[in-house]
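Every position in the sequence shown, counted from 1, becomes a number in the working numbering once 13 is added. Accompanying notes for the structure given below.
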Amino acid sequence: MNWALIGASTIASENMIGAIRAQSGAQIGWVVSGSAEHAASYAEAHDIPRWTVDLAEALADPQVQVVYISSTNEKHHGQALAAIAAGKHVLCEKPMALSRSEAEEMIVAARDAGVVLAVNHHLRSSAAIRAIRRLLDDGALGQLRSMRIFHAVALPRHLYGWRLDQPAAGGGVIADITVHNADTARFLLQEDPQFVVAEKAMTGLGQGVEDSAMSVWTMPSGVMVYSHESFTHPFARSGLEIHGSEGSLYARGVMQEGPDGAIELVTAQGSQPVSYDWRGAYDAVVADFMQAAAEGRAPAASGVDGLRSLMVAEAVRRAAMTGKRQAPEYGDLT
Ligand code: NDP
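Here you go:
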């Protein structure tokens with residue numbers, strides 16, 4: 014499959030170009046960027062044969078079957094619609110859009126065009142999160158009661174920029190990380206948050222946008238989820254805990270990409286490590302997306318998954334701004 018990269022981004026250079034090239038039969042033919050200078054140097058640095066500042070030029074190439082969109086968040090919607098209209102399958106970065114109406118438009122357009130729209134919620138494809146999901150599916154924890162997600166990290170210095178000071182570009186930690194936590198909770202618990210309460214703050218990095226948030230989500234089953242995300246915690250460890258009537262799971266290092274996660278299951282029988290075979294989550298996303306595109310089936314994280322995690326994040330933002338409990342506005346698409 015021939016790919017076009019839309020957005021000459023850090024996530025593509027650090028993770029996704031390698032993940033795409035790790036798949037047999039995958040080539041990257043184009044990179045599209047808003048800046049000719051950046052596009053040219055990016056293409057050269059990553060050995061991409063063609064670059065352009067004109068999205069239509071890359072989309073007009075009949076060799077291109079799939080696109081990966083990793084521009085700043087406010088561009089995802091328009092770029093995805095253009096790619097879908099050109100008949101390309103789309104792997105889009107999270108948050109997939111800035112609003113429900115934009116996300117719905119993308120989903121409906123992809124359905125009408127018969128192309129696959131996937132969202133890069135990579136955590137649900139990580140080996141650690143999959144191992145936790147298997148334990149939950151096996152009932153290892155009994156009746157579930159609560160989940161705590163620790164995703165307060167340090168934004169790497171080379172990513173200081175639009176995330177910290179550009180609300181119009183979709184900056185802020187809620188757009189960046191709350192959507193990941195929402196997708197992970199949805200994937201593990203197999204239900205969507207019904208209500209949220211939240212607070213957000215600027216704790217040293219954000220300028221006009223929040224760099225930290227904490228929220229509590231009530232699930233329809235009654236399970237309570239606590240979610241903490243931040244850009245300003247250099248020594249905090251990421252992870253999650255899930256607690257049930259028959260056991261608790263403690264997972265550390267599983268909310269960031271890498272092989273150094275550890276999962277512990279604690280029950281009446283004592284404590285035991287949960288082993289899993291680590292594999293790069295981004296590799297898994299790309300492999301699944303390519304297969305989904307070839308077979309015309311739903312990908313690991315679909316447009317509806319992207320929309321729902323976006324709506325949880327939007328409810329967190331509204332709750333923090335109003336001080337009132339909010340219900341995510343998921344809409345009718347399933
Ligand atoms: P970057 O800031 O690295 O890139 C975003 C855009 O900024 C690029 O597409 C490019 O614009 C522009 N840009 C970057 N560097 C330069 C430069 N030197 N000169 C000119 N323009 C430049 O963002 P990220 O890679 O961190 O994030 C991109 C997207 O990926 C976001 O939507 C983010 O939410 C998502 N993301 C997802 C992750 C995941 O795990 N799923 C992890 C990290 C990010 P242009 O589009 O014009 O080329």
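No residue lacks a Cβ here, since even glycine has one placed at the ideal position from N, Cα and C. Since the structure is predicted, the reported quantities are computational estimates derived from the model, not experimental observations.
>> Nearer than 7 Å: is that true of the beta carbon of LEU202 relative to any heavy atom of the ligand NDP?
In response: no
>> Can you check which of these residues, GLU57, GLY344, ALA73, is closest to ASP205 by C-alpha distance?
In response: GLY344
>> If I follow the unbroken beta strand (DSSP E) through ARG137, where does it start and stop?
In response: Taken as a continuous stretch (DSSP letters only), ARG137 belongs to no beta strand (DSSP E), as it is neither H nor E.
> Of all the CB atoms in chain B, is at least one closer than 8 Å to the CB of TYR81?
Replying inline: Among the chains of the structure shown, chain B does not appear; only one protein chain is present.
>> For the structure I just gave you, are there three or more beta carbon pairs, one from the segment 101-116 and one from the segment 183-194, closer than 8 Å?
In response: yes
> When you compare each of LYS213, ARG331, HIS135, PRO341 to GLU270 by their alpha carbons, which one comes out closest?
Replying inline: That would be HIS135, whose Cα lies nearest to the Cα of GLU270.
>> What does the Cβ neighbour count give for MET334, buried or exposed, with the cut at 16 atoms within 10 Å?
In response: exposed
> Just reading off the beta strand (DSSP E) that GLN285 is part of, what are its end residues?
Replying inline: 283-287
> When you compare only the Cα positions, how much space is there between VAL209 and VAL236?
Replying inline: Annotation: VAL209 to VAL236 spans about 12 Å, alpha carbon to alpha carbon.
> Going by Cα to Cα distance, which pick from ALA140, ASN15, ASN86 is closest to PRO272?
Replying inline: ALA140
> Considering only C-alpha positions, which residue in the set SER37, ALA131, HIS51 is nearest to ILE82?
Replying inline: ALA131
> So does GLU242 have its beta carbon nearer than 7 Å to some heavy atom of the ligand NDP?
Replying inline: Outside the cutoff, so no.
> Does the distance from the CB of PHE244 to the CB of LEU346 come in under 8 Å?
Replying inline: no
> SER251: which of HIS89, ALA306, GLY283, PHE163 sits nearest, CA to CA?
Replying inline: PHE163
>> Going by beta-carbon coordinates alone, are ALA275 and ARG265 separated by less than 8 Å?
In response: yes
> Per DSSP, what kind of secondary structure is ALA214 in: helix, strand or coil?
Replying inline: strand
>> For the ligand NDP, I want to know if GLU327 counts as a neighbour, meaning its beta carbon is within less than 7 Å of at least one of the ligand's heavy atoms.
In response: no
> Rounded C-beta distance between GLY152 and VAL128? I'm assuming under 8 Å.
Replying inline: Not confirmed; about 38 Å, so no contact.
>> Taking the beta carbon of GLU342 as the centre, do at least 16 other beta carbons fall within 10 Å, making it buried, or is it exposed?
In response: exposed
> Using DSSP with H/G/I as helix, E/B as strand and the rest coil, what is SER26?
Replying inline: helix
>> As a quick exercise: from TYR289, ASN15, GLN36, pick the residue whose alpha carbon is nearest that of LEU72.
In response: ASN15
> Do VAL66 and GLY42 have their C-beta atoms closer together than 8 Å?
Replying inline: no
>> Just to confirm, is the Cβ distance from ASP301 to SER138 under 8 Å?
In response: yes
>> Once DSSP output is grouped into helix, strand and coil, what is the label at VAL238?
In response: strand
>> With a threshold of 7 Å (Cβ to nearest heavy atom), would LEU106 be considered close to the ligand NDP?
In response: One detail in the question is off: residue 106 reads as Glu in this sequence, not Leu. GLU106: yes, Cβ under 7 Å from the ligand NDP.
> Beta carbon of LEU218, beta carbon of LEU149: below 8 Å?
Replying inline: no
>> For a quick check, are the C-beta atoms of HIS89 and ARG158 less than 8 Å apart?
In response: No, the pair does not count as a contact, with Cβ atoms beyond the cut-off.
> Quick one: complete alpha helix (DSSP H) runs, 4+ long, within the segment 270-332?
Replying inline: 294-308
> DSSP state of GLU254, grouped into three classes?
Replying inline: strand
>> Checking the sheet assignment: what are the DSSP bridge partners for HIS102?
In response: VAL79.
> Helix, strand or coil for PHE163 per DSSP?
Replying inline: Strand, per DSSP.
> Can ILE24 be considered in contact with the ligand NDP, in the sense that its beta carbon sits closer than 7 Å to one or more heavy atoms?
Replying inline: ILE24: yes, Cβ under 7 Å from the ligand NDP.
>> If you measure between the beta carbons of ASP196 and SER322, is that distance less than 8 Å?
In response: yes
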